[in-house]
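Participant:
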């Protein structure tokens, strides 16, 4: 069976390998992936870059086929009103295929992180010691409906020398299988070992549960998705996990904020793309600035179709605002909804953030130096910003290049995860006969 | 109950809190620990250093009491012949107490890793971005019989701004409780929040299992111990784990090795302290050098009381050597025992290491530049050494300062874990009104 799979890495959906039990299927998949890891880790950068270019070309060449497979997913998709956003994300277009290809070419142009040894130092006994970047190994990525994640993840893993095992949402199965097949076939023709881009083409829930227990073969799981996925992971994973979980992001507008800067930042943080994890969900405003500044902001938010929900004080200042329910604070709306709370001072703001925030992205707007520094120091989050929109917490915006997502874990990588965060390190020692005295 | 614990952080063994169920006990403990994390994270370096000095002084001042408590552990310890090494590790002496105190003072002198922001870079929109080191939060350390681990771990966690929850082996319970009480009382008097050094003074296995599930309160588990501990962790932990697992370390003596250097390194790697995880367990020798070099080495190993077990070829060259059993390769002897295998070339050595090694510490001895570089590149381990003893894979030897152990995990920290590895990072952004376009 393994032999067969090697020759046809992503089996045709039309002829599924469902003769295998889920256990056999997962075992076959992960062994093949692990088998590719050694060779992939030492593949020259030039070969990897050629493979990435070939993958991008492949997507463009197979545009018609990809759109046809995507059409099958869209036909099966139940487009209820509350699933409209999901349906939008699921749809492929010629333009989106172009964007995927462009994204892969961007990754080809980024520096290869492997072998990077930022410094070596010499010990008193004369030996030189340093940390060298090496691949993590085999990374399982479990995600939901956006087919472009398939292309991004495969490209980032390949460039960083990691085998990927991709498991997308069942709604996008046809699209994902087609994308993954094009990518892995193109990569293999360019010299990448078979199995380096592995896609899980069976939709059973059991398959995910089995994958999460393959600690002998998979080194890291990156889940990207909602609460039910995170719950499955927490319950079943015996493999280290870097979560890409929810963002309940706050902006605190200090008494000393520049009113115009504060307005620009708050509107951007809420309105520019409300469905993302780094959009603002709650605005905290110092009471002294609230009186003059808040009514004007609420007016603009309302004009931008934002459903504003305020604390008692907010409602007093802006009578058109709906009173917030208790659970509106600490909630990830992912939509044009904003909770607003007027606070009596920065202590109250910090306490609110510590209590209700998800340690994802937190911002302050102020002209006061000491309070800016205090906020930076005391707020515990993946990214803490002074006088900037929470929407800027992003791999591209931070200059890391493409990212695989924004990690909400504390260990290994916190915040945007680029190529560097997809590596681990080994100590290397250049000696000349040193021993332990 | 929480009030009581705050005032008397480590309850007296004589008056145990066993009125609490294990669940209640663990909940009380972890809530108090979590409560201390915020204040500890922002404690000034000077206060932390004063606390560390006070902790060192405290151990010295309570020497008689610590020795008396240790005596209780030693009396209860069943000193069977195979547990001799364990008994040795369990014993406290005035000298060992001095060493613990000196270790803590060394940690006081190391630079504080917190707030460290190695670089900030400016983005095209003018905002400055960097990564700042912050504490991980609450770290659970689960270890076996050596009481000095209690002092080392408490000091390293305090310096790096982390709350520690320490759970030592039941054999050392009296000693550990006494040490932890002295440390936490001394630290509190110097301004460290109560709960920052928390010790688990109940020996039930169930308590460990409950601890491993406190993912709301504990951010990281560091286990240091044998296979049964690792199994418990794998089964129960819902918290990220950095393992300090076994070391099956190899030295490959290449055809182009300097015979004297090779002999010195191999003897040191096996004999200097065989009970450690970075001692050599298997020697791989190129067949061309084996003929002349191996018999002399075996003679010296035998003189050093090493039980040498060889492959067929080794036994042919050195008739006094015992034939190795199949499972002698890949085994962690932790003792004066060495497996030797003659290989036909470097490929075979690399393959043997990939198959039998535990990715802990691997070394090559060679004068050949290309093979040295290939070994460095291709071997997958926490530390890869050229012409140096495996015993040098150590925080002090590498210049990291004190270490909490040698991580065998791939993520976050691999190899010796010093203060820096006990931190995570947050992105900090200094903006001037930037928004996402």
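Residue numbers (the UniProt record's numbering), protein chains in the order written: chain A, 1 to 437; chain B, 1 to 437. Backbone N, C-alpha and C define an ideal beta-carbon position, used for all residues, glycine too.
1. So what does DSSP say about residue 426 of chain B, is it helix, strand or coil?
2. Counting only Cβ pairs nearer than 8 Å, list the residues of chain A close to residue 426 of chain B.
3. So, for residue 150 of chain A: in the same chain, excluding its five sequence neighbours on each side, which residues have a beta-carbon less than 7 Å away from its beta-carbon?
4. Does the CB of residue 274 of chain A have a neighbour CB from chain B at under 9 Å?
5. Tell me which residues share the same chain as residue 247 of chain B and place their Cβ nearer than 7 Å to its Cβ, disregarding the 5 neighbours each side in the sequence.
6. Tell me, please, whether the CB atom of residue 121 of chain B is closer than 9 Å to any CB atom in chain A?
7. Going along the chain, which residues of its own chain have a beta-carbon closer than 6 Å to the beta-carbon of residue 122 of chain A, five neighbours each way excluded?
8. Where do the N-terminal and C-terminal ends of the alpha helix (DSSP H) with residue 24 of chain B fall, by residue?
9. Could you check whether the stretch 415-427 of chain A touches the stretch 376-395 of chain A, counting it as contact only if at least three pairs of C-beta atoms, one from each stretch, sit closer than 8 Å?
10. Would residue 216 of chain A pass as an interface residue toward chain B - the criterion being a Cβ-Cβ separation below 9 Å?
11. State buried or exposed for residue 369 of chain A, treating a residue as buried only when at least 16 other CB atoms are found within 10 Å of its CB.
12. By how many angstroms is the C-alpha of residue 21 of chain A removed from the C-alpha of residue 208 of chain A?
13. Suppose contacts are defined by Cβ-Cβ distances below 9 Å. Is residue 413 of chain B in contact with residue 103 of chain B by that definition?
14. Please report whether the beta-carbon of residue 238 of chain A lies at a distance below 9 Å from any beta-carbon of chain B.
15. Check whether the Cβ atoms of residue 107 of chain B and residue 189 of chain B lie closer than 9 Å to each other.
16. Give the interface partners of residue 271 of chain B over in chain A, defined as CB-CB distance under 7 Å, in chain order.
17. Cα separation between residue 26 of chain B and residue 196 of chain B?
18. For the stretch 289-334 of chain A, which segments carrying the beta strand (DSSP E) assignment without a break, of at least 3 residues, lie completely within its bounds, in sequence order?
19. Per DSSP, what kind of secondary structure is residue 287 of chain B in: helix, strand or coil?
20. Identify the residues that DSSP records as bridge partners of residue 407 of chain B: which are they?
21. Of the residues B/302, B/388, B/199 and B/408, which one's Cα is nearest the Cα of residue 245 of chain B?
22. What residue range does the beta strand (DSSP E) around residue 164 of chain A cover?
23. Against residue 431 of chain B, what residues of chain A qualify as contacts under a CB-to-CB distance less than 7 Å, listed in chain order?
24. Report buried or exposed for residue 373 of chain A, applying the criterion of at least 16 other Cβ atoms within 10 angstroms of its Cβ.
25. Who are the neighbours of residue 137 of chain B on chain A, taking C-beta pairs under 7 Å?
26. So, does the stretch 260-276 of chain B touch the stretch 221-237 of chain B, judging by three or more C-beta pairs under 8 Å?
27. Near residue 146 of chain B, what residues of its chain come up, given a Cβ to Cβ distance below 6 Å and the 5 sequence neighbours on each side ignored?
28. Contact between the stretch 70-86 of chain A and the stretch 35-49 of chain A: three or more CB pairs below 8 Å?
29. Please confirm whether residue 283 of chain A and residue 367 of chain A have their CB atoms less than 9 Å apart.
30. From this set, B/194, B/64, B/56 and B/82, which residue's C-alpha is nearest residue 32 of chain B's C-alpha?
31. Between the stretch 423-437 of chain A and the stretch 380-393 of chain B, can you find at least three pairs of beta-carbon atoms closer than 8 Å?
32. Under a three-way DSSP split, which group does residue 129 of chain A fall into?
33. Can you check which of these residues, A/206, A/346, A/51 and A/306, is closest to residue 182 of chain A by C-alpha distance?
34. Mind reading off the beta-carbon distance from residue 40 of chain B to residue 163 of chain B? Whole number of angstroms is fine, and I expect it under 8 Å.
35. Just confirm the distance between the C-beta atoms of residue 250 of chain A and residue 343 of chain A, as a whole number of angstroms; I'd bet it's less than 8 Å.
36. Under 7 Å between beta-carbons, which chain B residues line up against residue 234 of chain A? List them in chain order, please.
Facilitator: In brief:
1. As a first step, residue 426 of chain B is located in the second chain; it is residue number 426 there, counting from the start. Strand, per DSSP.
2. The residue you call residue 426 of chain B lines up with position 426 of the second chain. 380, 381, 382, 383, 384, 414 and 415, listed in chain order.
3. Here residue 150 of chain A corresponds to residue number 150 of the first chain, with the count starting at 1. Within the same chain, residue 150 of chain A has close Cβ partners 166, 168, 176, 179 and 180.
4. Numbered from 1 along the first chain, position 274 holds the residue referred to as residue 274 of chain A. So no, residue 274 of chain A is outside the interface.
5. Counted from its first residue, the second chain places residue 247 of chain B at position 247. Taken in chain order, the residues that qualify are 277, 278, 332, 358, 360 and 361.
6. Reading the second chain from its first residue, position 121 is the one you call residue 121 of chain B. True, the Cβ-Cβ gap to chain A drops below 9 Å.
7. Indexing the first chain from 1 puts residue 122 of chain A at position 122. 128.
8. Position 24 of the second chain, counted from the first residue, corresponds to residue 24 of chain B. Its alpha helix (DSSP H) spans residues 22-41.
9. yes
10. Walking along the first chain from the start, residue 216 of chain A turns up at place 216. It does not: the Cβ of residue 216 of chain A has no partner Cβ on chain B nearer than 9 Å.
11. The sequence position of residue 369 of chain A within the first chain is 369, counting from 1. Looking at its Cβ environment, which holds fewer than 16 other Cβ atoms inside 10 Å, residue 369 of chain A is exposed.
12. Taking the first residue of the first chain as 1, we reach residue 208 of chain A at position 208. Taking the first residue of the first chain as 1, we reach residue 21 of chain A at position 21. Answer to the nearest angstrom: the Cα atoms are 13 Å apart.
13. To locate residue 413 of chain B, count along the second chain from 1; it is residue 413. To locate residue 103 of chain B, count along the second chain from 1; it is residue 103. Not in contact: residue 413 of chain B and residue 103 of chain B (Cβ atoms no closer than 9 Å).
14. Taking the first residue of the first chain as position 1, residue 238 of chain A is located at position 238. Chain B contact via Cβ: present.
15. As a position in the second chain, residue 107 of chain B is number 107, starting the count at 1. As a position in the second chain, residue 189 of chain B is number 189, starting the count at 1. No.
16. As a first step, residue 271 of chain B is located in the second chain; it is residue number 271 there, counting from the start. Per Cβ cutoff of 7 Å: no residues; residue 271 of chain B is ~10 Å from chain A at best.
17. In the second chain, residue 26 of chain B corresponds to position 26, counting from 1. In the second chain, residue 196 of chain B corresponds to position 196, counting from 1. Rounded to whole angstroms, residue 26 of chain B to residue 196 of chain B spans 15 Å at the Cα level.
18. 307-310
19. To locate residue 287 of chain B, count along the second chain from 1; it is residue 287. Helix, per DSSP.
20. Translated into positions along the second chain, residue 407 of chain B becomes position 407. Beta-bridge pairing links residue 407 of chain B to B/415.
21. In the second chain, the residue the question calls residue 245 of chain B occupies position 245. Comparing Cα-Cα distances from residue 245 of chain B to each of B/302, B/388, B/199 and B/408, the minimum goes to B/408.
22. If you number the first chain from 1, residue 164 of chain A lands on position 164. Unbroken beta strand (DSSP E) run through residue 164 of chain A: 163-167.
23. The residue you call residue 431 of chain B lines up with position 431 of the second chain. By Cβ distance, chain A contributes 385, 386, 387 and 388.
24. In the first chain, counting from the first residue as 1, residue 373 of chain A sits at position 373. Counting Cβ neighbours within 10 Å, residue 373 of chain A comes out exposed, since fewer than 16 surround it.
25. The sequence position of residue 137 of chain B within the second chain is 137, counting from 1. Under the 7 Å cutoff, chain A gives 410.
26. no
27. Counting from one through the second chain, the residue named residue 146 of chain B turns up at place 146. Correct list, in chain order: 89.
28. no
29. Walking along the first chain from the start, residue 283 of chain A turns up at place 283. Walking along the first chain from the start, residue 367 of chain A turns up at place 367. In this structure, residue 367 of chain A does not lie closer than 9 Å to residue 283 of chain A by Cβ.
30. One-based indexing of the second chain puts residue 32 of chain B at position 32. Nearest C-alpha to residue 32 of chain B: B/194.
31. yes
32. Locating residue 129 of chain A in the first chain gives position 129, counting from the first residue. Strand, per DSSP.
33. As a working note, residue 182 of chain A is residue 182 in the first chain. With distances taken between Cα atoms, residue 182 of chain A lies closest to A/51.
34. Counted from its first residue, the second chain places residue 40 of chain B at position 40. Counted from its first residue, the second chain places residue 163 of chain B at position 163. Their Cβ separation, rounded to whole angstroms, is 6 Å, which keeps residue 40 of chain B and residue 163 of chain B in contact under 8 Å.
35. Here residue 250 of chain A refers to the residue found at position 250 of the first chain. Here residue 343 of chain A refers to the residue found at position 343 of the first chain. 11 Å between Cβ atoms; not a contact.
36. Locating residue 234 of chain A in the first chain gives position 234, where the first residue counts as 1. Residues of chain B passing the Cβ test: 238.
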